[in-house]
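Quick note: the sequence shown uses this note's numbering, first residue 78, plus one each step.
Backbone N, C-alpha and C define an ideal beta-carbon position, used for all residues, glycine too.
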Amino acid sequence: MRFFGNIEAKLDQKGRAFFPVVFRKILQDENGSGVLVLRKDVYQPCIVIYPETVWYRLIDNLRSKLNMWNRAHQQIYRQFVSDVEVIKLDSNGRLLVPNRYRVLANLDQNVSFIGMDDFVELWGESNTKQPFMDSDEFKDKLQEIISE
78 MRFFGNIEAK LDQKGRAFFP VVFRKILQDE NGSGVLVLRK DVYQPCIVIY
128 PETVWYRLID NLRSKLNMWN RAHQQIYRQF VSDVEVIKLD SNGRLLVPNR
178 YRVLANLDQN VSFIGMDDFV ELWGESNTKQ PFMDSDEFKD KLQEIISE
């Protein structure tokens, strides 16, 4: 599954947005279920949208790094998995972003879906500059990474 691009959309009064058609097609081609897992990003003010299969792979990876008999590891796992919302696209291809996530990520009416390979981020208009570096910093960092 490969999601790429930055697609602008609007949330309606109920917190619904059309999942971008190009992303919806990829989702349908890969697993067909339309089941998505929403989670507030750990580091940034956005919502991360995982296809169900990607979410399970992520959880399996996290769990393999944790010792469930270690209290701190158990708390980390509990906090990570308890703060999710499992949703399914409606028949029109819309997803409902629960109010608590709209508040946590500062989402307003205008949003952007940003494809991040095997998952999608949902950013509010007030935060849309945050996920990106300025062009000079981007060029420098990219060159640094590629030349390693």
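**Asked** residue 187 by DSSP, collapsed to three states: which one?
**Response** strand
**Request:** May I ask you to report which of helix, strand or coil DSSP gives residue 133?
**Result:** helix
**Asked** To which residues does DSSP link residue 128 through a beta bridge?
**Response** 113
**Request:** Only counting runs of 4 or more residues, tell me where the alpha helix (DSSP H) segments fall wholly within the stretch 154 to 201, in order along the chain.
**Result:** DSSP runs (the alpha helix (DSSP H)) wholly in the stretch 154 to 201: 176 to 181.
**Item:** N- and C-terminal bounds of the alpha helix (DSSP H) containing residue 215
**Value:** 212 to 223
**Element boundaries [beta strand (DSSP E), containing residue 87]** = 80 to 87
**Item:** Sufficient close CB pairs (3 or more, under 8 Å) joining the stretch 176 to 192 to the stretch 79 to 94
**Value:** yes
**Message:** Here's the rule I'm using: 16 or more other beta-carbon atoms within 10 Å means buried, otherwise exposed. How should residue 128 be labelled?
**Reply:** That one is buried.
**Item:** Pick from 156, 100, 103, 125 that is closest to residue 201, judged by C-alpha positions
**Value:** 125
**Prompt:** Taking the continuous beta strand (DSSP E) assigned at residue 96, which residues delimit it?
**Reply:** Segment: none, residue 96 is in no beta strand (DSSP E) and carries neither H nor E.
**Request:** Look up residue 104 in the DSSP assignment and say whether it is helix, strand or coil.
**Result:** Residue state, collapsed to three classes: helix.
**Item:** Other residues of its chain near residue 175: CB distance less than 6 Å, five sequence neighbours each side excluded
**Value:** 162
**Request:** Give the secondary structure of residue 121 by DSSP, where H, G and I count as helix, E and B as strand, and everything else as coil.
**Result:** coil
**Message:** Can you find the residues in the same chain that come closer than 6 Å, C-beta to C-beta, to residue 195, ignoring five residues on each side of it along the sequence?
**Reply:** 78, 131
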